[in-house]
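Below is one structure, written out as C-alpha cells, with a few remarks after it.
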Amino acid sequence: MRRNILVTGGAGFIGSHVVRLFVNKYPDYRIVNLDKLTYAGNLANLKDVENRANYTFVKADIADLDEMRRIVGTYEIDGIIHLAAESHVDRSIKDPFTFARTNVMGTLALLQAAKEYWESLPEGYDGKRFYHISTDEVYGALELTDPEGVESPFSTTASSERRNAYGTEFFKETTRYNPHSPYSASKASSDHFVRAYHDTYGMPTLVTNCSNNYGPYQFPEKLIPLFINNIRRGKPLPVYGKGENVRDWLFVEDHARAIDLIFHRGKVADTYNIGGFNEWKNIDLIKVIIETVDRLLGNPKGCSEHLITYVADRQGHDMRYAIDSRKLQAELGWEPSLQFEEGIEKTVRWYLDHQEWMDDIVSGDYERYYGEMYANR
Ligand code: NAD
Ligand code: DAU
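Numbering (my numbering), first residue to last: 71 to 447.
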C-alpha cells in the first residue's frame with residue numbers, strides 16, 4: 071500500500087535511523103523528513119539515503135502551525151512519526167522556554183495540523199496514525215535500592231543475560247507521570263496533548279516511552295559520544311556527582327525496529343515502554359567506554375582512566391531509570407537484538423571510523439554549511 075509518512079526530527083540521532091530504516095524497507099512509501107535543522111539536526115546523518123526516490127527533506131519548524139498545515143496537506147500525509155524535539159536535559163536546565171516552545175507548542179501545532187487535514191478527508195481518520203516518540207524520563211526517577219546490583223528479574227530474555235538491576239521497581243506503562251527536569255516536563259506535557267487528541271477528537275494516536283539510546287550519529291553532548299570523543303582527544307571526562315546514577319541503555323537500531331513494529335502493528339491509543347533490559351551505573355559504563363576506546367586505538371590498558379574528572383552534579387539529577395518492556399515483548403514480540411558488549415563495541419568503532427563526522431560537528435562546520443544551503447527554502 072502507498073503511504074505518505076512524515077517523520078519529524080529525521081535529521082537527528084534517532085530520527086535518522088528511523089528514516090534510513092523506512093526508506094530502505096518500504097520503497098513504496100514516500101518518507102518526508104521534516105526538520106528545523108537546529109544545532110542537533112545534521113543532514114550528513116542521511117547521506118546514504120538522500121538521493122532515494124522515496125525520500126524528501128523539508129526544512130521547517132514544528133511550532134509554525136501554518137507551515138505544518140501546508141506540509142501535511144501538500145504531501146497528503148497519512149502517518150506521522152513524531153521525533154522532533156529539544157532532547158538534552160542539561161540544555162533544558164539552562165533554557166526551559168525553548169523546550170516548552172518546541173516540545174509542547176510544536177507537538178500541539180503538529181497535532182492540530184493533522185487533525186484539520188484528516189478531518190477534511192472523506193475517509194476521516196481511517197488508516198491514519200499519529201505516533202509520538204517519548205521518553206522514560208516522564209516517569210521521574212527510581213530509587214537505587216541495590217547499589218551493587220542484583221540479577222535482573224528480566225534475565226530470561228536473550229539480550230538480558232548477566233544483566234544487573236539496581237532496584238526492585240521498574241517503569242511500566244501504568245507508572246504515574248512524575249517528571250522532574252524541564253525536558254521531561256515538556257515531554258510529559260506533549261504526551262498528554264497527544265492522548266487528549268485521541269480522547270477528545272478520536273485521532274488515532276500512539277505513544278511510546280523509551281530509555282537511553284546509544285549508537286552512531288548521536289550528538290556529542292550526550293554521555294557516550296562525548297566521552298568517546300574526549301578520550302580520543304585526551305580531554306577530561308566530566309562525571310556528574312559520584313557517577314552512581316543508573317541508566318537503561320538501548321542500541322538505537324533496536325529502538326528504530328520497535329518504532330517500525332509499533333507504527334504498523336501497535337494498538338491505537340495505546341502506550342508501550344521500550345527499554346534495553348540493560349542497566350548501568352554511569353561510572354561502570356564509563357570504564358567500559360575507556361577500556362573499549364583504548365583497546366581499539368591500541369593504547370595501553372587503562373591509560374585514559376586518569377581523564378575521569380568528578381564535577382558538580384546535574385541539578386535535579388534523576389537517580390535511576392529502568393524500563394519494564396515486557397508488554398511490547400508479549401504483544402508484538404519485540405526484544406533488543408544486541409547484547410550491550412556488542413553494541414558498545416560497534417558504537418565505539420563507528421565513532422573512531424567517522425572522525426570527520428565528529429570533527430565537523432565539534433567545529434560547527436556542518437551547521438554553517440546546511441544553514442546556508444537551506445536558509446531560503
Ligand atoms: P536529537 O536532539 O538528536 O534530534 C532532534 C531533532 O529534532 C534534530 O534533528 C532537530 O533539528 C529537530 N528539531 C528540534 N527542534 C525542532 C523544531 N522546532 N522543528 C523541527 N525540528 C526540530 O534527539 P534524539 O535523541 O534523536 O531524540 C529524538 C526523539 O526521541 C525526541 O523526541 C526525544 O525526546 C526522544 N527520545 C530520545 C531518547 C534518547 O536517548 N536520545 C530516548 C527516548 C526518547
Ligand atoms: O532516558 C531517556 C533520555 O536519555 C532521553 O529522553 C534524552 O533525550 C537523552 O538525552 C537521555 O537523557 P540523559 O540525561 O539520561 O542522557 P545524558 O547522555 O545527558 O546523560 C546520561 C547520564 O550521564 C546521566 O546520568 C548524566 C550523566 N552525564 C552526562 C553527561 C553529558 C555525566 O555524568 N557527564 C556528562 O558530561
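Note that CB positions come from ideal geometry on N, CA and C, so glycine has one too.
Measure the alpha-carbon distance for residue i versus residue j and round it to whole angstroms.
i, j, result
"M443", "T78", "Interpretation of M443 is limited by its pLDDT of 47, a score under 50 that renders its predicted location unreliable; the figure taken from the coordinates is listed afterwards. Going by the C-alpha atoms only, they are around 19 angstroms apart."
"A123", "S86", "17 angstroms"
"I353", "T270", "45 angstroms"
"K305", "D148", "47 angstroms"
"L178", "A184", "10 angstroms"
"Y187", "Y125", "22 angstroms"
"L422", "V89", "24 angstroms"
"A235", "E218", "9 angstroms"
"K292", "G272", "37 angstroms"
"F410", "L320", "8 angstroms"
"I378", "L91", "36 angstroms"
"H424", "N315", "29 angstroms"
"W427", "P223", "39 angstroms"
If you compare alpha carbons, which of the options is closest to residue i?
i, options, result
"F241", "Y271, V264, V208 and A183", "V208"
"T244", "D430, D394 and E411", "D394"
"D383", "T126, G336 and I163", "I163"
"G82", "Y310, V322, L377 and E411", "V322"
"E189", "V142, S222, G80 and Y287", "V142"
"L398", "S256, I329, K357 and S374", "I329"
"E156", "L296, A255, R73 and V381", "A255"
"P249", "H262, S433 and F297", "H262"
"L402", "Y391, G336 and D430", "G336"
"A258", "E239, C280 and P274", "C280"
"I356", "R73, F297 and P406", "F297"
"A114", "I359, E405 and P286", "P286"
"G194", "E146, G176 and D160", "E146"
Need the endpoints of the alpha helix (DSSP H) that residue i sits in, please.
i, result
"P252", "P252 to Y271"
"W427", "Q425 to S433"
"I147", "Here I147 belongs to no alpha helix (DSSP H), and DSSP marks it neither H nor E."
Can you name the start and end residues of the beta strand (DSSP E) that residue i belongs to?
i, result
"W188", "Segment T177 to E189 is the alpha helix (DSSP H) holding W188; no beta strand (DSSP E) there."
"V277", "T275 to C280"
"I203", "R199 to T205"
"D330", "No beta strand (DSSP E) holds D330; the alpha helix (DSSP H) holding it covers V322 to R335."
Residues around the ligand DAU, please: the ones whose beta-carbon is closer than 6 angstroms to some heavy atom of it, in chain order. After applying the 6 angstroms Cβ criterion, the set is S157, H158, V159, T205, D206, E207, S281, N282, K292, L293, L296, P308, V309, Y310, N315, R317, N352, R384 and Y391.
Check whether the segment 151-168 touches the segment 198-205, taking contact to mean three or more Cβ pairs, one atom from each stretch, closer than 8 angstroms. At 8 angstroms Cβ cutoff, the stretches touch.
Segment contact, 8 angstroms Cβ cut-off, at least three pairs: the segment 405-418 with the segment 362-369: Verdict: yes, contact present.
Would the segment 334-342 count as touching the segment 99-112 if we require 3 or more Cβ pairs under 8 angstroms? No, they do not touch.
Would you check if there are 3 or more beta carbon pairs closer than 8 angstroms linking the segment 374-388 to the segment 301-318? A contact exists between the segment 374-388 and the segment 301-318.
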